[in-house]
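Here the structure comes first, spelled out in structure tokens, and everything after it is commentary.
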Amino acid sequence: MKTDIKVFGMTCMHCHKRVTDAISALEGVNSVEVSLEDEKASVEFDADKIGLEDIKKAVTDAGYEIGEDACQIPDEEEAACPVIIDEEEPEESKVEPGTVKEIAFKVSGMQCSACAQNIEKALNKLDAVISASVNLPMQRASVSYDPALITPEEMENTIEAIGYHVVKDRVVLEIGGMKCAACSQNVEKVLKRLKGVSSASVNISTARAQVEYNSSLVSVDEIKKAVDDIGYSASLPADRKESEDREKKEREQEIKQQKNNLLICVAILIPIMLGNMKMMFPGLFGFVPALFSDRNLLFLLATIVMVFPGRQFFVGTYRGLRHGVTDMNLLIATGTGAAYVISIAASYLDLGPGYEHVYYDTAVMLITFIVFGRYLEARAKGRTSESIKKLIGLQAKTARIIVAGEEKEIPVEDVQVDDIVFVRPGEKVPVDGVVVEGSSAMDESMITGESIPVEKNVGDMVIGSTLNKSGALKFKAINVGADTALARIIELVENAQNSKAPIQRIADLVAGHFILVVHVIALAAFFFWYFIGYERFDVALHSGIASPFLFSLLISITVLVISCPCAVGLATPAAIMVGTGKGAENGILIKGGEALERTLKIDTIVFDKTGTLTKGKPELTDVVLTAGNDKDELLTLAASAEKGSEHPLGEAIVKAAEEKKLEIIAADNFNSIAGHGVEATIDAKHVLLGTRKLMEDNGIDISSLTENMERLEAEGKTAMMVAKDGQVIGLLAVADTLKENSKEAVEKLQKMGIEVVMITGDNSRTADAIAAQLGIEKVLSEVLPGDKASEIKKLQEEGRIVAMVGDGINDAPALTQSDIGIAMGAGTDVAMESAQIVLIKNDLRDVLASIKLSRLTMNKIKQNLFWAFGYNSIGIPLAAGILYPFVSRIVISPELAAAFMAMSSISVTTNSLLMKRSRIK
Amino acid sequence: MDKVSDKNTGKYALIASMVSSLLLVIIFAGLSFLVNSSRTVPLYSQVDIIAGMIFVFILSMIVAASVWPGFIEKKTKNNSK
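From first to last, the protein sequence lines stand for chains E and F. Here the first sequence is numbered in the working numbering, starting from 1 and rising by one per residue. Here the second sequence is numbered in the working numbering, starting from 922 and rising by one per residue.
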């Protein structure tokens, strides 16, 4: 056997000789070759006489260190490492210029919308960035960029350079098949090459790889696949805790940090306040030691607060100013810094009359209140994204698959498509699939809201994260990982929460310029009070402040502190997050802020008939024959013609024929004529099945059946004529019953002042009959599937804001054309993509609920903006001393301004959270 | 080329900010002395004036440093067109 051993510590030929001699002296060693340059010893030995460990021991006894296990050098037949990765990157990874990619960064350190604006500005300045949008509560920056001109790392550096931190996702993988250091290097190389992976570190001894990555560019599945592709295996460790949520950890860390800061501030504020009170009311506060009024102690305590809890503002200001950005840190740093510096000057320099007072308490109180606000805000931010966490919590962690007839429990992430998964009663279904064996009842309420367990038999679909109630069953995995219904719902909600409503963009724009305007106002107020106001309004007499500068400074500080626009930045996103989250919990998925705003303005709703207002499961109700024809033959021909059709009407005919156990013959030359019917050749007979128009277009006389057809249509049924070889032979009527709550939903919508319209491909008689049952006055009937979108457009041209409700299968163009597309039922990809609102349950009352939710959310946004802007609008003039000439005193002190500012952002967040208590159904 | 023009913009913006802030400080000081000289008992002590000058300088630098870069960049773009 031959082996290579890494030997460290050899520095010269003497060391070379020592190692060679140490190994050669061992019995069983046939030959040894030591390389000083490569730091290795190649040893050929008889494994029966001596082991590798003995050889290693000999090297260490000689005073040198052994490296990681080396691969056994193979005999000719055997390979060593599965693959050697080249240094050069493969050609296909080069990107063509002009392509556009999307990426999302998790950003921590943002405090207000000015921060969000700063990041947007910094990113938009980069040439290769097409657009950048930052969501403050979600702490996410979404960027569209040209990957040929800029890398994600460069964008990350830009964000970090202006003082914020990009939070990366991290995953630990167990790597199997590694034999030596080269293997671990191979794995590292291939991981680092993946777009979106910023760092990878592989440890051969623990067989684990730690990978830092951006989840918007690469998924864990893709990372695992990359490792699998080069001949190793990658899996999530069985003993892992919840997948590391770096964002959650950062948030928790921030909460802890602000809590500690707050405790320090409060602990120091108490003696300072007592000292202050003693000076103002010596009689009342006689018990307070004189030490608390000593300037040296006050200076020391204030310095502790400025250096520890207060440092975040000064560091933030410095970082921002270095890159030309201004944010709320600047406002607070300027305000508290001015109070602190003037107090030091007054304490230790002889500044003359008017400078007897110090303002250490002002500086400390400012910082205390602001830190308190940040602490509560950090806690509230975590709660607004609870709905996503709840959805994620629904996911199963493990799955039981059948491999070679045996059950094997694996992490759910390792389930592949076509795996056979076994679920026992009481267990969660791990992924989406189709039942292949067994039957059971499933509790699907967490996904569809259907409270009654749904029977599942062979051939039925099961949805991941639902609960298996009664029986054991096996199913074939169809959708795994990011393709499951739940994963798509989570993605939808996350994207919704990340998006910006138009109203928010205006708010952000205002907030972003606000800081500059505030500084101008503070400067103007300073000038006014210094040169004019101080003397004019006898300030020295009323306030007791003998220095014009000091008084003007206090006014300026108050203006700066009270102007913080943090509440403005939170007003909209906080409400949208809670609103979309609440919707998700109720099976209403709203795709973003823009959808919310537009839903509010709807004045017309168009419902598709089949499957939306009706159950979509028509049944055959009537068979009318012309003279000399057989009922069974009629049904057989019709069912055979419709066998290839996916239309619900055709399915009803086929079902009726199957129930009668009639033989369905294979049809030739099947042709579906959209909106008219079908034609086919069955048993050499030319069969037509469909509308009057279809018969007329083919020159078939239908006069014998017209009366019956009209009668059936007036009953609200869909009547279809059947013709064989140019002669009409009979009529089939199919009825689709209304959903239980269709009428209720229509009535309530009409009460809300929204006009309800029905659109259908059915003939006008049938459509009118159904509409009359529901109380719908406006009906658009005989609309071909391709014309639905134009009908929507016609309504929009009348100046209406139109919502379209459909099941998505053939309604996609109409859903897209409408101002708000509402798709019914989960799991339809087309629905999810073409609609702005997706209703998971098949309940029309959810249309109402989605409108109510939109109204609730928009009202909340307006309330929040009113408080935020209104508070600033009123607070700034008051802080600038507008009432002083009338009341002869400062209405808002700097401390009060800080308290108000802290309360404003807390109240906006809390007001948004109150939405969770509102009912939308 | 971009980096050079960026650097120049930064340099010009800094100079412009310093100049405009100093100008405002001079106005402030000038007005303070004017008010004092028009009275028998000066309204502003030396500390008031000096502290005021420092405060005005800091605040006006913040404003100027936010405004000038954008202004100069716009001017530069217009000139290059």
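Note that beta-carbon positions come from the ideal geometry of N, C-alpha and C, so glycine has one too.
Distance between residue j and residue i (C-alpha atoms, nearest Å)
i	j	result
E:I557	E:S563	10 Å
F:F978	E:V371	28 Å
E:D54	E:A209	30 Å
E:V220	E:V171	8 Å
E:F869	E:A524	21 Å
E:S818	E:S672	27 Å
E:I920	E:T857	11 Å
E:Y145	E:V129	4 Å
E:A540	E:F281	21 Å
E:G611	E:E740	13 Å
F:A934	E:K125	17 Å
E:V211	F:T997	45 Å
E:Q72	E:D46	Because E:Q72 sits at a pLDDT of 45, beneath the cut-off of 50, its placement in the model cannot be relied upon, and the point is left open.
E:L149	E:G98	9 Å
E:S645	E:E707	27 Å
F:S987	E:L516	7 Å
E:V266	E:M461	59 Å
E:P90	E:R193	Here E:P90 scores only 48 on pLDDT, less than 50, and its place in the model should not be relied on; the value that follows carries that caveat. In a straight line, the C-alpha of E:P90 is about 10 Å away from that of E:R193.
E:Y318	E:Y340	17 Å
Within-8 Å CB hit, residue i to chain F
i	result
E:L351	yes
E:F526	yes
E:Y530	yes
E:V520	yes
E:F1001	Residue numbering for chain E in the displayed model covers 1 to 921; residue 1001 of chain E lies beyond these limits and cannot be assessed.
E:S547	yes
E:A338	yes
E:I447	no
E:G354	yes
E:L516	yes
E:L330	yes
E:I342	yes
E:T362	no
E:L149	no
E:E535	yes
E:L123	no
Beta-carbon contacts of residue i that lie in its chain and below 7 Å, excluding the five residues immediately before and after
i	result
E:S347	R295, F299, V358
E:G275	V288, F292, S293, L298
Contacts around residue i, its chain only, beta-carbon distance under 8 Å, and the 5 residues preceding and following it disregarded
i	result
E:A207	E174, I175, G176, M178
E:S742	L613, T614, L774, L844
E:I892	T558, I562, G875, L878, A879, F900
E:G903	A small fix is needed here, since residue 903 of chain E is Met in this sequence, not Gly. These residues qualify, in order along the chain: G373.
Test: residue i CB closer than 8 Å to a CB of chain E
i	result
F:Y965	yes
F:G973	yes
F:V968	yes
F:S935	Reading off the sequence, residue 935 of chain F comes out as Leu, not Ser. No, its Cβ sits nowhere closer than 8 Å to a Cβ of chain E.
F:F978	no
Sequence-distant residues of the same chain with beta carbon closer than 6 Å to residue i, five excluded per side
i	result
E:F314	A333
E:M365	E895
Near-chain E residues of the stretch 983-1002 of chain F (beta-carbon distance less than 8 Å), N- to C-terminal order | Cβ contacts with chain E come from I983, V984, A986, S987, V988, P990.
Does the contact criterion of 3 or more C-beta pairs under 8 Å hold for the stretch 174-192 of chain E versus the stretch 147-162 of chain E? Remark: fewer than three beta-carbon pairs, one from each stretch, lie closer than 8 Å, so the stretch 174-192 of chain E and the stretch 147-162 of chain E are not flagged as touching.
- Message: Is it the case that the stretch 843-863 of chain E contacts the stretch 895-915 of chain E, given that we only count it when at least three CB pairs across the two stretches are under 8 Å?
- Response: Yes, they touch.
* Return the residues of the stretch 937-960 of chain F that lie within a Cβ-Cβ distance of less than 9 Å from chain E, sorted by chain order. => Cβ contacts with chain E come from L945, F949, L952, S953, V956.
With contact counted as at least three CB pairs below 8 Å, one residue from each stretch, are the stretch 717-736 of chain E and the stretch 687-707 of chain E in contact? A contact exists between the stretch 717-736 of chain E and the stretch 687-707 of chain E.
Subject >> Three or more C-beta pairs below 8 Å linking the stretch 603-610 of chain E and the stretch 748-763 of chain E >> reply: These segments touch.
* Are at least three pairs of beta-carbons, each pair with one atom in the stretch 564-579 of chain E and one in the stretch 457-473 of chain E, less than 8 Å apart? -> No, because fewer than three Cβ pairs between the stretch 564-579 of chain E and the stretch 457-473 of chain E fall closer than 8 Å, the two stretches do not touch.
Would you call the stretch 567-583 of chain E and the stretch 780-787 of chain E touching, i.e. three or more CB-CB distances under 8 Å? No: fewer than three Cβ pairs fall under 8 Å.
* **the stretch 935-952 of chain F contacting the stretch 616-628 of chain E, beta-carbon criterion three pairs below 8 Å** => Not touching, per the Cβ criterion.
Any residues in the stretch 557-583 of chain E with a beta carbon nearer than 8 Å to a beta carbon of chain F? Which ones, in chain order? Here the close residues number zero.
Worksheet item: Listed from N- to C-terminal order along the chain, which residues in the stretch 158-175 of chain E have their beta-carbon within a distance smaller than 7 Å of any beta-carbon of chain F?
Response: Flagged: no residues at all.
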